[in-house]
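J.: Residue numbers (the working numbering), protein chains in the order written: chain A, 150 to 373; chain B, 150 to 373.
Supplied in structure tokens, the structure appears directly below.
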């Protein structure tokens, strides 16, 4: 993990998420990390909180909190909010972690298993925003697991979730469809002043298309 | 209008929206119409309510209500809800129109003019659902007026609006991108039992692609 962190930080300035279920591995990664890392993740289980939160505090990291515990991954949005409250209370109260360094995962589960899952996620997001005003993230592709046209489902779900209060996502940034949906949602939710980013992306796509057409025309001419 | 209504009803069984600002034209269209028409539209202006709602009642139609009046197209969601309340009270109380026959337009205005417009529309939708549980519609393309990549903006906005309570839209049903976004939102909001409609649309698209590929291969073979 320490080698991986050093290698990746040598290649990019983007902030990294460090993910391991093994405490020693997390610790090694955080120790090697330059800057503020995000730890994925801690559940509301007492032993996990006690093992992971001290590391988060010591290394000045942020942490993704999952509102499930020993007993259950709760279905009910209100129960998820209770477990998020426990997570936030322990992290801030016992370990002195700032609430701005806690990112709650509202839990997105596959609609292929239960078509009511996405609604419960949206309700959880709205409640978390109302109760705590906290940052959130989820695995955007979970919801479409096992269904066809997954990117189209994600492209519908992300704007919905953002409009209820989701502030970030674990998502496939290589999918133009998903990226465009998020940019459209930013524009619609007044997070793109003057639409400048939307218009710049459109112009870049136009320029790339014109360049590709010119290259194709040149190749065709060379071929004749 | 009467000729247009008869002509179109001879071509399709879909229900029609009758739109005119001239009362006599609306009356002629409603008189010629077979079935339950939807009238577009009535504002919360006293003289428009008094002119249009009796027609709606007499012909057993439904009506789209716009929450603006003589003085303003209000910016504030709460003011829009007040005007919607006036519309609903007059339609149900004075004219005996059923609340299920009133479709409120939460007003979608171009983000190109003010990037805060879409948020106000979403807030209005949520308030209208909470206060009245009423059906709603809006012009889905208004929001993207003057911006590039309008269908991508609409494909983000419709799922958002649906997740807050929008129940229908005046939209371009010829745009595959918009139609797919609405179908994805139906799936995510648990209005597509077992995902049957989503999966059927995927299979139909696959079959059409296979057929097109086969036709192309046959044409290529014929050309050699």
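Every residue gets a Cβ at the ideal spot worked out from N, C-alpha and C, and that includes glycine.
(1) Expressed to the nearest angstrom, what Euclidean distance is found between the alpha-carbon atoms of residue 183 of chain B and residue 191 of chain B?
(2) Along the chain, where does the alpha helix (DSSP H) containing residue 179 of chain B start, and where does it finish?
(3) By Cβ distance below 7 Å, which residues in the same chain neighbour residue 350 of chain A in space, the five residues on each side in sequence not counted?
(4) Between which residues of its own chain and residue 315 of chain A is the CB-CB distance below 8 Å, once the five residues before and five after are set aside?
(5) Measure the alpha-carbon distance for residue 189 of chain A versus residue 303 of chain B and round it to whole angstroms.
(6) Would you identify the three-state DSSP class for residue 271 of chain A, choosing helix, strand or coil?
(7) Taking Cβ-Cβ distances shorter than 8 Å, what residues in chain B pair up with residue 306 of chain A?
(8) Along the alpha helix (DSSP H) that carries residue 237 of chain B, what are the first and last residues, could you check?
(9) For residue 165 of chain B and residue 172 of chain B, which I take to be in contact (beta-carbon distance under 8 Å), what is that distance rounded to the nearest angstrom?
(10) Give the straight-line distance between the Cα atoms of residue 207 of chain B and residue 269 of chain B, rounded to the nearest whole angstrom.
(11) Just list the residues that DSSP pairs residue 213 of chain B with in beta bridges.
(12) Residue 298 of chain A to residue 277 of chain A, Cα distance in whole Å?
(13) Going by CA-CA distance only, name the one from B/317, B/291 and B/326 that's closest to residue 300 of chain B.
(14) Are the C-beta of residue 278 of chain A and some C-beta of chain B separated by less than 9 Å?
(15) How would you list, in chain order, the residues of chain A whose beta-carbon sits under 8 Å from the beta-carbon of residue 448 of chain B?
(16) How many Å lie between residue 202 of chain B and residue 179 of chain B at the Cα?
(17) Along the chain, where does the alpha helix (DSSP H) that runs through residue 196 of chain A open and close?
(18) If we ignore side chains and look at the alpha-carbon of each, how far apart do residue 225 of chain A and residue 328 of chain B end up?
(19) Have a look at the DSSP bridge pairing and note the partners of residue 288 of chain B.
(20) Mind checking residue 196 of chain B: buried by the 16 CB within 10 Å criterion, or exposed?
(21) Evaluate residue 264 of chain A with the Cβ neighbour count: other Cβ atoms within 10 Å of its Cβ, from every protein chain shown; 16 or more gives buried, anything less gives exposed.
(22) Tell me where the beta strand (DSSP E) around residue 167 of chain A begins and ends.
(23) Taking Cβ-Cβ distances shorter than 7 Å, what residues in chain A pair up with residue 199 of chain B?
(24) Using the beta-carbon of each residue, which ones in chain A are nearer than 9 Å to residue 342 of chain B?
(25) If you draw a straight line from the alpha carbon of residue 228 of chain A to that of residue 272 of chain A, how long is it in whole angstroms?
(26) Please report the straight-line C-alpha distance between residue 159 of chain A and residue 168 of chain A, rounded to a whole angstrom.
(27) Taking the alpha-carbon of residue 259 of chain A as reference, which of B/362, B/336 and B/170 has the nearest alpha-carbon?
(28) For the alpha helix (DSSP H) containing residue 153 of chain A, list its first residue and its last residue.
(29) Compare the Cα-Cα distances from residue 210 of chain B to each of B/366, B/318 and B/250 and report the closest residue.
(30) Could you check whether residue 281 of chain B and residue 233 of chain B sit closer than 9 Å to each other, using their CB atoms as the reference points?
(31) Counting only C-beta atoms, is residue 288 of chain B closer than 9 Å to chain A at any point?
(32) Nearest by alpha-carbon distance to residue 221 of chain B: which of B/213, B/266, B/194 and B/236 is it?
(33) Let me know the secondary structure DSSP gives residue 294 of chain B once reduced to three states.
T.: Looking at the atomic coordinates:
(1) Translated into the one-based positions of the second chain, residue 183 of chain B becomes position 34. Translated into the one-based positions of the second chain, residue 191 of chain B becomes position 42. Distance between the alpha carbons of residue 183 of chain B and residue 191 of chain B is about 21 Å.
(2) Numbered from 1 along the second chain, position 30 holds the residue referred to as residue 179 of chain B. Looking at the DSSP string, the run of the alpha helix (DSSP H) that includes residue 179 of chain B is 172 to 181.
(3) Residue mapping note: residue 350 of chain A aligns to position 201 of the first chain, counting from 1. The residues are 332.
(4) Along the first chain, read from residue 1 onward, the residue named residue 315 of chain A stands at position 166. Excluding positions up to five away in sequence, the list reads 255, 274, 285, 286, 287 and 307.
(5) Along the first chain, read from residue 1 onward, the residue named residue 189 of chain A stands at position 40. Along the second chain, read from residue 1 onward, the residue named residue 303 of chain B stands at position 154. Between residue 189 of chain A and residue 303 of chain B, the C-alpha separation is close to 34 Å.
(6) To locate residue 271 of chain A, count along the first chain from 1; it is residue 122. Helix.
(7) Taking the first chain and counting its residues from 1, one reaches residue 306 of chain A at position 157. Here the neighbours are 308, 333 and 337.
(8) Position 88 of the second chain, counted from the first residue, corresponds to residue 237 of chain B. Element bounds for residue 237 of chain B: 226 to 238.
(9) What you label residue 165 of chain B is simply residue 16 of the second chain in a count that begins at 1. What you label residue 172 of chain B is simply residue 23 of the second chain in a count that begins at 1. Wrong, their Cβ atoms sit about 18 Å apart, outside the cutoff.
(10) As a position in the second chain, residue 207 of chain B is number 58, starting the count at 1. As a position in the second chain, residue 269 of chain B is number 120, starting the count at 1. Each residue's alpha carbon lies about 35 Å from the other.
(11) Taking the first residue of the second chain as 1, we reach residue 213 of chain B at position 64. According to the DSSP secondary-structure assignment, residue 213 of chain B is paired through a beta bridge with B/189 and B/252.
(12) For the purposes of this step, residue 298 of chain A is taken as the residue at position 149 of the first chain. For the purposes of this step, residue 277 of chain A is taken as the residue at position 128 of the first chain. Looking at the two C-alpha atoms, the distance is approximately 29 Å.
(13) Here residue 300 of chain B is taken as the residue at index 151 of the second chain, counted from 1. Closest by alpha carbon: B/326.
(14) Residue numbering aside, residue 278 of chain A sits at position 129 when the first chain is read from its first letter. No, no contact with chain B.
(15) Nothing about residue 448 of chain B can be reported from this structure: the residues present for chain B run from 150 to 373 only.
(16) As a working note, residue 202 of chain B is residue 53 in the second chain. As a working note, residue 179 of chain B is residue 30 in the second chain. Roughly 12 Å separates the two Cα atoms.
(17) As a first step, residue 196 of chain A must be located in the first chain, where it is residue number 47. Residues 195 to 207.
(18) The residue given as residue 225 of chain A occupies position 76 in the first chain. The residue given as residue 328 of chain B occupies position 179 in the second chain. Answer to the nearest angstrom: the Cα atoms are 31 Å apart.
(19) Start at 1 with the first residue of the second chain, and residue 288 of chain B comes out as number 139. The beta-bridge partner set that DSSP reports for residue 288 of chain B consists of B/319.
(20) Translated into positions along the second chain, residue 196 of chain B becomes position 47. Classification of residue 196 of chain B: exposed, given that the 10 Å Cβ count is below 16.
(21) Counted from its first residue, the first chain places residue 264 of chain A at position 115. Buried.
(22) The count along the first chain starts at 1 and reaches residue 167 of chain A at position 18. Taken as a continuous stretch (DSSP letters only), the beta strand (DSSP E) holding residue 167 of chain A covers 166 to 168.
(23) In the second chain, counting from the first residue as 1, residue 199 of chain B sits at position 50. None at all; the shortest Cβ gap to chain A is about 37 Å.
(24) Taking the second chain and counting its residues from 1, one reaches residue 342 of chain B at position 193. Going along chain A in sequence order, the residues near residue 342 of chain B (Cβ under 9 Å) are 264.
(25) For this step, residue 228 of chain A is matched to residue 79 along the first chain. For this step, residue 272 of chain A is matched to residue 123 along the first chain. Distance between the alpha carbons of residue 228 of chain A and residue 272 of chain A: 11 Å.
(26) Taking the first residue of the first chain as 1, we reach residue 159 of chain A at position 10. Taking the first residue of the first chain as 1, we reach residue 168 of chain A at position 19. Here the alpha carbon of residue 159 of chain A sits roughly 19 Å from the alpha carbon of residue 168 of chain A.
(27) In the first chain, residue 259 of chain A corresponds to position 110, counting from 1. Checked all of B/362, B/336 and B/170; the closest Cα to residue 259 of chain A is B/336.
(28) For the purposes of this step, residue 153 of chain A is identified with residue 4 of the first chain, where counting begins at 1. Looking at the DSSP string, the run of the alpha helix (DSSP H) that includes residue 153 of chain A is 151 to 158.
(29) The count along the second chain starts at 1 and reaches residue 210 of chain B at position 61. The residue with the shortest Cα to Cα distance from residue 210 of chain B is B/250.
(30) As a position in the second chain, residue 233 of chain B is number 84, starting the count at 1. As a position in the second chain, residue 281 of chain B is number 132, starting the count at 1. Contact flag set, yes.
(31) Numbered from its first residue, the second chain carries residue 288 of chain B at position 139. Not closer than 9 Å to any Cβ of chain A, the Cβ of residue 288 of chain B fails to qualify, so no.
(32) Within the second chain, the letter at position 72 stands for residue 221 of chain B. With distances taken between Cα atoms, residue 221 of chain B lies closest to B/194.
(33) Here residue 294 of chain B corresponds to residue number 145 of the second chain, with the count starting at 1. Three-state DSSP puts residue 294 of chain B in coil, outside helix and strand.
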